[in-house]
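Here is the structure we will look at, set down as structure tokens.
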Amino acid sequence: MLQHGYFDQRFGLIILASASPRRAQILSQIGFNYKVVPSSIEEIFTNHDPVEVAKELALNKAKEVAEIYPESIVIGADTIVFLNNQILGKPASEAEAIDMLRSLSGNTHVVYTAFAIIQKSVNKQVVDLEATEVTFRNLSDEEIRLYVRSGSPMDKAGAYGIQDQSAVFVEKIIGDFYNVVGLPISKIYDYLQSQF
Numbered sequence: 000m001l002q003h004g005y006f007d008q009r010f011g012l013i014i015l016a017s018a019s020p021r022r023a024q025i026l027s028q029i030g031f032n033y034k035v036v037p038s039s040i041e042e043i044f045t046n047h048d049p050v051e052v053a054k055e056l057a058l059n060k061a062k063e064v065a066e067i068y069p070e071s072i073v074i075g076a077d078t079i080v081f082l083n084n085q086i087l088g089k090p091a092s093e094a095e096a097i098d099m100l101r102s103l104s105g106n107t108h109v110v111y112t113a114f115a116i117i118q119k120s121v122n123k124q125v126v127d128l129e130a131t132e133v134t135f136r137n138l139s140d141e142e143i144r145l146y147v148r149s150g151s152p153m154d155k156a157g158a159y160g161i162q163d164q165s166a167v168f169v170e171k172i173i174g175d176f177y178n179v180v181g182l183p184i185s186k187i188y189d190y191l192q193s194q195f
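Residues in the sequence shown are numbered consecutively from 0, following numbering that gives the first Met the number 0.
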């Protein structure tokens, strides 16, 4: 049984190098003491390998913020949706969100979330990744349009958030639910316990 304050005593103040409210909510849910310090790293895909892209972005985000907070544990993360050998990032427009959701409709895709954990002052660094398969049921154009009109898809990789109203699009998930939300917290916790 975890005691109140356990994470504060064990890990101190964790710095989340992300502007994602979903990642912050996961840390709150678990009870970590954390501060949000978004990195300014642009999410540019210089590679077509989703694993390498996600790992590189997560590491760069964590490194940038660790320069400012060298004593703290810094967590950076990046989530990528991968379908038919194509990386689906955050949609740039409503039209792109509609196209992404149409391509996901009736298909199985993989959600990769890479994370980097850095504590610069003690020269510790971990980079890893979790993969989760998600299958969407067939979606009608009306469902897609209504969801896009809500504005919800616009800040999410693959143009959907499994934790919001698009949960009804999901027919099956194989793997870590929180990975799809944006932070594979169980795997991250294992690393924090064993290496920090």
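Don't be surprised by glycine CBs; every beta carbon is placed ideally from N, CA and C.
Inset, instruction - Could you have a look at A130 and say whether DSSP puts it in helix, strand or coil? - result: Reduced to three states, the DSSP call for A130 is strand.
Inset, instruction - Return yes when the C-beta of V167 is under 7 Å from any heavy atom of the ligand ZN, and no when it is not. - result: Ligands displayed in this structure: none; no statement on the ligand ZN is therefore possible.
Inset, instruction - Specify whether the segment 72-87 and the segment 50-58 touch according to this definition: at least 3 beta carbon pairs, one from each stretch, less than 8 Å apart. - result: In this structure the segment 72-87 lies against the segment 50-58, because at least three pairs of beta carbons, one per stretch, are closer than 8 Å.
Legend entry - Euclidean distance between Cα positions of P68 and E41: According to the sequence displayed, residue 68 carries Tyr and not Pro. Annotation: Y68 to E41 spans about 20 Å, alpha carbon to alpha carbon.
Legend entry - Sequence-distant residues of the same chain with beta carbon closer than 7 Å to V80, five excluded per side: L87, H108, V110, A156 and G157
Inset, instruction - Taking only the alpha-carbon atoms, compute the straight-line gap between P152 and V133 and give it to the nearest angstrom. - result: 16 Å
Inset, instruction - Using DSSP bridges, identify the partner residues of G75. - result: A115
Legend entry - Three-state secondary structure assigned by DSSP to V180: In the structure shown, V180 sits in a helix (DSSP, three-state: H, G or I).
Inset, instruction - Would you decide whether P49 is buried or exposed? Buried here means 16 or more other CB atoms lie within 10 Å of its CB. - result: Buried, since its Cβ has 16 or more Cβ neighbours within 10 Å.
Legend entry - Among E66, V121 and Y159, the one whose alpha carbon lies nearest that of A96: Y159
Inset, instruction - Measuring alpha carbon to alpha carbon, tell me which of I29, A65, F31 and I184 ends up nearest V121. - result: Of the listed residues, the one whose Cα sits closest to V121 is A65.
Legend entry - L15 beta carbon less than 8 Å from that of R22: Yes, they are a contact pair.
Inset, instruction - Please say whether N178 and E129 have beta carbons closer to each other than 8 Å? - result: yes
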